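Undergrad: Numbering follows the numbering used here, in which position 29 of the sequence shown is assigned residue number 31; successive positions increment by one, without gaps. For every residue, glycine included, the Cβ atom is placed at its ideal position computed from N, Cα and C. As the structure is a computational prediction, the values presented were derived from the model and not from experiment.
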Amino acid sequence: MRKQAREFLDRVKVQILDAGTWLSLEEREEFYNDLHEWAYGKYEETLLCQEAEMQNYEED
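#1: Three-state secondary structure (DSSP) at L25?
#2: Apart from the five residues on each side of it in sequence, which residues of its chain come closer than 7 Å, Cβ to Cβ, to L25?
#3: Helix, strand or coil for M56? Go by DSSP, reduced to three states.
#4: Specify the secondary structure class of R30 as computed by DSSP and reduced to three states.
Here is the structure:
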């Protein structure tokens with residue numbers, strides 16, 4: 003991962019941890035679950051794009 007992206011991610015992690023501190027345990031669980039679902043969805047989108055690129059490469 004590029005250094006700039008890593009630094010950005012590190013800053014976001016700190017903000018996420020800060021946001022979780024003022025939530026109740028139940029709210030924190032929901033917060034982290036929502037975050038997980040969103041991040042995993044973006045990960046899956048990336049895999050689908052990668053597969054499409056590979057198929058296009060194989061067809062050429």
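TA: So, from the listed chains and residues:
#1: coil
#2: Only F33 meet the Cβ criterion.
#3: In the three-state reduction of the DSSP assignment, M56 falls in the helix class.
#4: In the structure shown, R30 sits in a helix (DSSP, three-state: H, G or I).
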